[in-house]
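Student:
There are 2 protein chains.
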Amino acid sequence: MRKIDTRKFVRATRSTPREINRQILLNLVREHQPISRADLARQMNIGRGMITALVDELLKEEAIYEGESTVAPRGRRPQMLFVRTRDRLAIAIDVRFSRTYVMLSDFAGNAVAMESFETVVDPSALVSTLVARIKRLIRDHGASGLCEGIGLVVPGMVDQRTGRILNSPQLAWRNVDIRDALAQATGLQVYIENAPIACALSHAWLGRRGDLGGDFAYVTVSDGVGVGMVVNGQVVRGATYTAGEFGHIPIDLRGPKCLCGAFGCLEAHTSNLATISRYLGRELSSHETRELLRESGITIADVISRMRGGDAQARAAIEATARFLGIGLGIVINALNPSQIIVGGEITAAWDVVSPIVREAIRERALTEVSANTPIIAESTDISPRLRGGIALVAAPLFAAPQIA
Amino acid sequence: MRKIDTRKFVRATRSTPREINRQILLNLVREHQPISRADLARQMNIGRGMITALVDELLKEEAIYEGESTVAPRGRRPQMLFVRTRDRLAIAIDVRFSRTYVMLSDFAGNAVAMESFETVVDPSALVSTLVARIKRLIRDHGASGLCEGIGLVVPGMVDQRTGRILNSPQLAWRNVDIRDALAQATGLQVYIENAPIACALSHAWLGRRGDLGGDFAYVTVSDGVGVGMVVNGQVVRGATYTAGEFGHIPIDLRGPKCLCGAFGCLEAHTSNLATISRYLGRELSSHETRELLRESGITIADVISRMRGGDAQARAAIEATARFLGIGLGIVINALNPSQIIVGGEITAAWDVVSPIVREAIRERALTEVSANTPIIAESTDISPRLRGGIALVAAPLFAAPQIA
DNA sequence: CTCTTTTGTTCTTTATACAAACAAATTCAA
DNA sequence: TTGAATTTGTTTGTATAAAGAACAAAAGAG
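Sequences listed follow chains E and P, in order.
Take the first sequence: its letter number 299 is residue 569 in the numbering used here, and every next letter is one higher.
Take the second sequence: its letter number 190 is residue 460 in the numbering used here, and every next letter is one higher.
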């Protein structure tokens, strides 16, 4: 039951039913391809004549294409339909603390080319570096299709009205606009989004067919901790685009000081930096620790491999992180009751150790049996969910439900 | 941008545009009444002919009615339209720990009659008591209209598929069904909902015209602490109907033991019981404390009035509660970034003392200037938001957006 | 080769959005 | 007082697209 916002509603016109049914059909093709017109008619409870008209429209726009006719047990052979994704390309950009990744990929998320470079912190220098690399990528590898847009994923909150990055602690950016400069220099539409939401979009639109559907939360654990939430099929951005900042929720008011200045944040307990600091037996927020981290160059992957090598200190650090992560996921469960939680980040490499501890912490605080058993799925970093999210930013609007009422 | 769920979509038909525009028109009348056809045409960017047709339909169904024609600066006088609410009635039931309230009211939330009785904990005994009172209420006061349904508000999580109360700690109910029994005995449609969501619905559908629109959170502070969230115009219920349980999020792992069994829950810091226990200098969860509370009969209102009388102990207890409440609201802000938060419960009677402490606690943890200034609005208990929510449960479906795509 | 089954297209009917003309009711100004 | 201007609300004709039926095409079965 949705309330109509009488300030910004969208009235239905004569062509509204067609737009809606067209979009439903397109999504059915996307999720069931290959599929015939007759099957679509059965799925949609509609006459085949209607389907013919809608399919003709989509064929003319080259949103879908007709494949070979398959064998059928009897009767005329159906003509199979497919969504056109192979020759539609997009650029995804993942700006991270140390490195920036650029990928050219088709609309289904299959990478065509990928490269990376050390992150340039100055915004305008970053833009010009990106522009050069994007142009070269498209020139060298863009023969198989047309690039239709850029999906830019940044570690920070993004104002969707202006495209500005409101605050990125990792890059020390405040109110920075790189979207418009990038769009102007490349002549391509640029979609910008913060990392946890991009990961959630990647899961929703480019995930496996089995786990589609249902509302979920995507929890990213890296230098920070953030959550991308999908509720009623829509991403939650909040009134001023800062929703999902679970990282700065306190779980222990007498806990360690966080980089944000407050005490006892979830992020200060369970981020990669927190785990490494704990391993080194140092305080997270002190200047010396940060210097030490920078100099030693130790990463969370190192801590995990030392744990595997039998380092008891490393194991203790990771087990403590797991416990706090479980408490964090318990917060998400109590707040949102998602049908599943996806966890992304380097910590997933230690999931065999982390998972049982997480599950136990959730069990301690869950209010019902079902919520205690909320599926927690670890997503490995090597499928690069952020970059796939960048592709989804460009591709998903084609498939989204029309906004009505 | 919403994703279409290909498992349970609603296809558009020939009459879909009409359904949508009809509903938009009805909502415009509701929020701008009195309003003329010509004004509606301007608001909706549509021909006046279309409006005439839609209005005729709504008039025939008696959803709206035509009032007097008003004066106009020049030209033909417009005929004003109104939503019919006066002679449409609903029963609202608010089941609480100690007392149960029953109200007969019109669809706009104007009470016709109200009564209360000591809560009967046995479900079937409660149903028969309710049935008798409802029948008498309708007989004695129902002359002004027809009762079209019952809105039942309970302190606990409700499975909306089955109507069962999954868990109500206050009533010690688990998997109890009173909805169907009530419906069968009264012959009326019964809508059941948990208290925080009902309060949120009350705010969304029966609130003042000024503060309509925008997503928000309704935080209820009574014996428990819960949140009703409205995101993208829709209430958030969660995959298994247990969303909004912010009361059992830990804010201090070394904090007091909660009635749920875990340590350091928000509820254990800021519920009415927590405040009273703190005032008495007792541990919340111990058996002796609960006995003492029951025997002494001291309420949160007593603590507040003693604070007003100069009791330093009472002031300290309430100030501590205020601080923890601020931390709780900070959690809601970081998680959801709502455009506003409504706080309901007895504690609002001390809002002059509570408010500045709450605001300071939020400021300590908010990540942006805007989110630090999220409006926090106290809603007094004497407008009975729960009962109004019960009315909204019956009335709102008439005005909701049609589900499409 | 004919009958049956299934797929996909075409045609007719019907609902309804859209646009324009029309009727009604009122003020203003000569 | 009367006609012009203005605004509201209704009616009428047209275009669009859904709904449903009929038809054509393509295959296998007997």
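Just so it is clear, CB atoms sit at the ideal spot from N, CA and C, and this is done for glycine as well.
Note that the coordinates shown come from a computational prediction; the quantities given were computed from them, not determined experimentally.
Report yes if the C-beta distance between F486 (chain E) and S609 (chain E) is below 8 Å; otherwise report no.
Tutor: Counting from 1 along the first sequence, the entry for residue 486 (chain E) is found at position 216. Counting from 1 along the first sequence, the entry for residue 609 (chain E) is found at position 339. Contact flag set, yes.
Student: Around the C-beta of K273 (chain E), are 16 or more other C-beta atoms found within 10 angstroms, so that it is buried, or is it exposed?
Tutor: The sequence position of residue 273 (chain E) within the first sequence is 3, counting from 1. K273 (chain E) should be labelled buried.
Student: I'd like to know whether the C-beta atoms of I462 (chain E) and G433 (chain E) end up nearer to each other than 8 Å.
Tutor: Position 192 of the first sequence, counting from 1, holds the residue named residue 462 (chain E). Position 163 of the first sequence, counting from 1, holds the residue named residue 433 (chain E). Cβ atoms of I462 (chain E) and G433 (chain E): closer than 8 Å.
Student: How far does the alpha helix (DSSP H) with S641 (chain P) in it reach, from first residue to last?
Tutor: Against the second sequence, residue 641 (chain P) aligns to sequence position 371. Segment E639 to A642, the alpha helix (DSSP H) holding S641 (chain P).
Student: Give me the Cβ distance between L471 (chain E) and A675 (chain E), rounded to the nearest whole Å; I'm assuming they're in contact under 8 Å.
Tutor: Residue mapping note: residue 471 (chain E) aligns to position 201 of the first sequence, counting from 1. Residue mapping note: residue 675 (chain E) aligns to position 405 of the first sequence, counting from 1. Rounded, the Cβ-Cβ distance is 24 Å, inconsistent with contact.
Student: Grouping DSSP H, G and I as helix and E and B as strand, with all else coil, what is F377 (chain E)?
Tutor: By one-based count along the first sequence, residue 377 (chain E) stands at place 107. Secondary structure of F377 (chain E) (DSSP, three-state): coil.
Student: Based on the DSSP secondary-structure assignment, which residues constitute the bridge partners of S386 (chain E)?
Tutor: As a first step, residue 386 (chain E) is located in the first sequence; it is residue number 116 there, counting from the start. Answer is E:Y371, bridged to S386 (chain E).
Student: Check each residue of the region 485 to 508 of chain P: if its Cβ is closer than 9 Å to any Cβ of chain E, include it; give the result in chain order.
Tutor: From the region 485 to 508 of chain P, only D485, F486, V497, M499, V500, V501, N502, G503, Q504, V505, V506, R507 and G508 have a Cβ closer than 9 Å to chain E.
Student: My understanding is that G421 (chain P) touches D376 (chain P), with C-beta atoms under 8 Å, so please give their C-beta distance in whole angstroms.
Tutor: Within the second sequence, the letter at position 151 stands for residue 421 (chain P). Within the second sequence, the letter at position 106 stands for residue 376 (chain P). Their Cβ separation, rounded to whole angstroms, is 13 Å, which puts G421 (chain P) and D376 (chain P) out of contact at 8 Å.
Student: Name, please, each residue of chain P whose Cβ falls closer than 8 Å to the Cβ of A675 (chain E).
Tutor: The residue given as residue 675 (chain E) occupies position 405 in the first sequence. The answer, in chain order, is I290, Q293, I294, A671, P672 and I674.
Student: For a contact meaning CB atoms closer than 7 Å, what does I316 (chain E) contact in chain P?
Tutor: Against the first sequence, residue 316 (chain E) aligns to sequence position 46. Simply R281.
Student: If the cut-off is 9 Å on Cβ atoms, which residues from the region 509 to 523 of chain E count as contacting chain P, listed in chain order?
Tutor: A509, T510, Y511, T512, A513, G514, E515, F516, G517, H518, I519, P520, I521, D522 and L523
Student: By how many angstroms is the C-alpha of V390 (chain E) removed from the C-alpha of S398 (chain E)?
Tutor: Working through the first sequence from its first residue, we reach residue 398 (chain E) at position 128. Working through the first sequence from its first residue, we reach residue 390 (chain E) at position 120. Cα to Cα, S398 (chain E) sits roughly 10 Å from V390 (chain E).
Student: Would a C-beta distance cut-off of 8 Å place G498 (chain E) and C530 (chain E) closer than the cut-off?
Tutor: What you label residue 498 (chain E) is simply residue 228 of the first sequence in a count that begins at 1. What you label residue 530 (chain E) is simply residue 260 of the first sequence in a count that begins at 1. Against a cut-off of 8 Å, the Cβ pair of C530 (chain E) and G498 (chain E) comes out as no contact.
Student: At the 8 Å Cβ level, is K527 (chain E) part of the contact set with chain P, yes or no?
Tutor: For this step, residue 527 (chain E) is matched to residue 257 along the first sequence. No, K527 (chain E) does not count as interfacial toward chain P.
Student: Rounded C-beta distance between L599 (chain E) and I611 (chain E)? I'm assuming under 8 Å.
Tutor: As a first step, residue 599 (chain E) is located in the first sequence; it is residue number 329 there, counting from the start. As a first step, residue 611 (chain E) is located in the first sequence; it is residue number 341 there, counting from the start. So it is a contact: roughly 6 Å between Cβ atoms.
Student: Could you tell me which chain E residues have their CB closer than 8 Å to the CB of P608 (chain P), listed as they occur along the chain?
Tutor: Walking along the second sequence from the start, residue 608 (chain P) turns up at place 338. In chain order: G508 and A509.
Student: What would DSSP say about D572 (chain P), mapped onto helix, strand or coil?
Tutor: Working through the second sequence from its first residue, we reach residue 572 (chain P) at position 302. When DSSP states are grouped into helix, strand and coil, D572 (chain P) belongs to the helix group.
Student: Run down chain P in chain order and give the residues with a C-beta less than 9 Å from the C-beta of D357 (chain E).
Tutor: Against the first sequence, residue 357 (chain E) aligns to sequence position 87. Here the premise fails: no neighbours, minimum Cβ distance about 24 Å.
Student: Report the partner residues of Q244 (chain E) according to the DSSP bridge assignment.
Tutor: This structure cannot settle anything about residue 244 (chain E), because the visible part of chain E is limited to 271 through 675.
Student: Can you check which of these residues, E:L407, E:S368 and E:D392, is closest to M384 (chain E) by C-alpha distance?
Tutor: Position 114 of the first sequence, counting from 1, holds the residue named residue 384 (chain E). Of the candidates E:L407, E:S368 and E:D392, the one whose C-alpha sits nearest the C-alpha of M384 (chain E) is E:L407.
Student: Does the beta-carbon of T618 (chain E) have 16 or more other beta-carbons within 10 angstroms, so that it is buried, or is it exposed?
Tutor: As a first step, residue 618 (chain E) is located in the first sequence; it is residue number 348 there, counting from the start. So T618 (chain E) counts as buried.
Student: Work out the CA separation of R585 (chain P) and E561 (chain P) for me, nearest whole Å.
Tutor: For this step, residue 561 (chain P) is matched to residue 291 along the second sequence. For this step, residue 585 (chain P) is matched to residue 315 along the second sequence. Roughly 24 Å separates the two Cα atoms.
Student: Is K405 (chain E) helix, strand or coil by DSSP?
Tutor: By one-based count along the first sequence, residue 405 (chain E) stands at place 135. Helix, per DSSP.
Student: Might you give, ordered along the chain, the residues of its own chain that have their beta carbon closer than 6 Å to the beta carbon of L328 (chain P), omitting 5 neighbours on each side?
Tutor: In the second sequence, residue 328 (chain P) corresponds to position 58, counting from 1. Same-chain partners within the cutoff: I334.
Student: Is the number of C-beta pairs between the region 306 to 319 of chain P and the region 288 to 297 of chain P that are closer than 8 Å three or more?
Tutor: yes
Student: Helix, strand or coil for N502 (chain E), going by three-state DSSP, please let me know.
Tutor: Translated into positions along the first sequence, residue 502 (chain E) becomes position 232. N502 (chain E) falls in the coil class under three-state DSSP.
Student: Using C-beta distances below 8 Å, list every residue in its chain close to G494 (chain P), excluding the 5 sequence neighbours before and after it, in chain order.
Tutor: On the second sequence, residue 494 (chain P) is found 224 positions in, with the first residue counted as 1. Excluding positions up to five away in sequence, the list reads P425, P439, Q440, G517, E537 and S541.
Student: Would you report the Cα separation of L657 (chain P) and V664 (chain P), rounded to the nearest angstrom?
Tutor: Your numbering for residue 657 (chain P) matches position 387 in the second sequence. Your numbering for residue 664 (chain P) matches position 394 in the second sequence. Taking the straight line joining both Cα atoms gives about 11 Å.
Student: Does the distance from the C-beta atom of V573 (chain E) to that of A592 (chain E) stay below 8 Å?
Tutor: Within the first sequence, the letter at position 303 stands for residue 573 (chain E). Within the first sequence, the letter at position 322 stands for residue 592 (chain E). The answer is no: Cβ separation not under 8 Å.
Student: Nearest by alpha-carbon distance to T355 (chain E): which of E:C417, E:G345 and E:M320 is it?
Tutor: Mapped onto the first sequence, residue 355 (chain E) falls at position 85. Comparing Cα-Cα distances from T355 (chain E) to each of E:C417, E:G345 and E:M320, the minimum goes to E:C417.
Student: Less than 8 Å between CB atoms is the rule here; does D275 (chain E) satisfy it with respect to chain P?
Tutor: Counted from its first residue, the first sequence places residue 275 (chain E) at position 5. With a threshold of 8 Å between beta carbons, D275 (chain E) makes contact with chain P.
Student: Based on the DSSP output, what are the partners of E649 (chain P) in its beta bridges?
Tutor: For this step, residue 649 (chain P) is matched to residue 379 along the second sequence. Answer is P:G614.
Student: Can you tell me whether F279 (chain E) is buried or exposed? The criterion is at least 16 other CB atoms within 10 Å of its CB, across all chains shown.
Tutor: The residue you call residue 279 (chain E) lines up with position 9 of the first sequence. When all chains shown are included, F279 (chain E) counts as buried.
Student: Counting pairs of Cβ atoms below 8 Å between the region 620 to 629 of chain E and the region 547 to 554 of chain E, do you hit three or more?
Tutor: no
Student: According to DSSP, is G419 (chain P) helix, strand or coil?
Tutor: Here residue 419 (chain P) is taken as the residue at index 149 of the second sequence, counted from 1. Three-state result, G419 (chain P): strand.
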